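Since the structure comes first, as structure tokens, the remarks are kept for the end.
Residue numbers (my numbering): 24 to 597.
Here it is as structure tokens:
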């Protein structure tokens, strides 16, 4: 078999890592692709379908409404499949679409029914079939750690009815202060943050994500079996796999054992084995909002999850564009440790390589539904924010691994303010018509106050008007602009599919040719892509980055050898 050996690249990496930290104007170079020659890529071996996929995360309630009730729906997603196909998307992550009392859906009341706000089971099945016909895989957001307090199981457990009595985690007394109980993702001592009293049973139940979402007892064989039954039910309907919510917290052994236990890893090994027995090509990706070395544990020596999200890379990318960018982790723990010996992007990839999981395990992304949107985090006027968003996209697609986009990221969708999660999950801006083409209803779901347990001031009409009056913020407008953020995402997705060096095996080299300039080179077997980014507010000369054998395939910001402020040029070999 033809093999692409990367030994020389790995050696170069090892040597460069021993050098002292360079000055801003010096080169920070370290080709990366794999840990050792034994991890070289076999060129003629097939890879799993997800390894080269570009996923698009859809928040169903905010995507597209076809019924006029202000809520996105299954038929709306079906109607927009041509849009996703034009963008280049070949996989969808669908956030929760099971019946639930909350607007967000992470608290199921039914395992086998779709959310009625989104349509019928037949409409869901039609969506899956239509996506498959267009070569687009669909994975579902699956919550196994907890369910709704309103679920029949919990109601019977609270009443002490067998066999449901032990389906959840109960104790007679509230732990005392000082015992260490608290949020599983934080170092605090707050037992009443995770233990809640139920008057019917006269005991406390454990709920890592709040009183309305009690944790399941995943040591109970009946619960374990039901989770497998649920997975098979949806796999049989044609879904391609699952994004697994809160994978770190499914087992708890005490105040010092609320996350990342060996039993937790074993649980996911067993779940993966079952899923693969139903469909060997089914895909599991885990949300482990934690530093890379811990997230890597969920690979389980090849028996655990197929992939896990790299939460760190988004922080590193935005940190290149925004001083003092934070690493706040709503349901996780990210230290953001930076050694200073390597460029932050280089160090991120090095941490992946040094982990116990292979490089293919990690999926880079910028933000998701729990994080402030990229455009909201970046400073400057709207034109500057859009330019910076292009640089973020280039850094993301310059990094090896399966890519995930959060809906609206391709147009620089922003948010009205920080605070409530609804601001991060607002309706898509399709065009300049009423409600930005999202719905024909007079009120979108974000304006329907009955959706929320916490009331807040009206914000959507003013935000929407601001976005539409500014111009250039909708899909339709950006599709008409050859140099728009949308067009850049379309270009980058196409390049990822077409260029071998932008796949997993391509070498990765980060350099800073001059102050304010960032250069990312990806190469494989003579095929070469170079991203040159101006991170400054001044035009910069990039003569040193221009080569006769490399042509500009994206060069709207380049004038001779001058790269515009916050400009991007992509240079490629023929």
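Note that beta-carbon positions come from the ideal geometry of N, C-alpha and C, so glycine has one too.
Just so you know, these numbers come straight off a predicted model, no measurement behind them.
message: Going by DSSP in three states, residue 266 sits in which element: helix, strand or coil?
response: strand
query: What's the C-alpha gap between residue 278 and residue 202?
result: 7 Å
query: Is residue 135 buried or exposed, if buried means 16 or more other CB atoms sit within 10 Å of its CB?
result: exposed
field: Beta-carbon contacts of residue 131 that lie in its chain and below 8 Å, excluding the five residues immediately before and after
entry: The residues are 119, 121, 122, 123, 166, 170, 171 and 174.
field: Neighbour-count burial assignment, residue 335, 16 or more Cβ in a 10 Å radius
entry: Buried, by the Cβ-count rule.
- request: Measure the alpha-carbon distance for residue 394 versus residue 129 and round it to whole angstroms.
  value: 16 Å
query: If you follow the alpha helix (DSSP H) that residue 421 is part of, which residue opens it and which one closes it?
result: Looking at the DSSP string, the run of the alpha helix (DSSP H) that includes residue 421 is 405–421.
- prompt: In terms of alpha-carbon separation, which member of 453, 75 and 89 lies closest to residue 464?
  reply: 89
message: With DSSP as the reference, identify every bridge partner of residue 582, one or two as the case may be.
response: 585
- prompt: For residue 399 versus residue 322, is the C-beta spacing smaller than 7 Å?
  reply: Between residue 399 and residue 322, the C-beta spacing is not below 7 Å.
message: So for residue 542, helix, strand or coil by DSSP?
response: strand
query: If you pair each beta-carbon of the region 440–457 with each one of the region 485–499, do three or more pairs fall below 8 Å?
result: yes
query: Which residues in the same chain as residue 573 place their Cβ atom closer than 8 Å to its Cβ, once the five residues preceding and following it in sequence are excluded?
result: 551, 553, 594, 595 and 596
message: For a quick check, are the C-beta atoms of residue 181 and residue 221 less than 7 Å apart?
response: yes
task: For residue 11, name the three-state secondary structure that DSSP assigns.
output: The requested residue 11 is not part of the displayed model; the chain covers only 24 to 597.
- prompt: Do three or more CB pairs link the region 508–524 to the region 422–433 at distances below 8 Å?
  reply: yes
query: Around the Cβ of residue 138, are there at least 16 other Cβ atoms within 10 angstroms (buried) or fewer (exposed)?
result: It is buried - the Cβ of residue 138 has at least 16 other Cβ atoms within 10 Å.
field: When 115, 324 and 558 are compared against residue 151, the one with the closest alpha-carbon
entry: 115
message: Using a Cβ distance threshold of 8 Å, determine whether the region 68–88 contacts the region 435–444, with at least three qualifying pairs required.
response: no
message: Just checking: is the beta-carbon of residue 374 within a distance shorter than 7 Å of some beta-carbon in chain D?
response: No chain D is present in this structure, which holds just one protein chain.
query: For residue 447, which of helix, strand or coil comes out of DSSP?
result: helix
message: Quick check for students: name the residue ranges of the alpha helix (DSSP H) that lie wholly in the region 258–313, counting only runs of 4 or more.
response: Segments of the alpha helix (DSSP H) lying fully in the region 258–313: 285–301.
field: As assigned by DSSP and simplified to three states, the class of residue 557
entry: strand
query: DSSP state of residue 235, grouped into three classes?
result: coil
message: Threshold first: 3 residues or longer. Then list the beta strand (DSSP E) segments lying entirely within the region 196–223, N to C.
response: Fully enclosed beta strand (DSSP E) runs of 3 or longer: 218–221.
task: Assign residue 144 to buried or exposed, taking buried as 16 or more other Cβ atoms, counted over all protein chains shown, within 10 Å of its Cβ.
output: exposed
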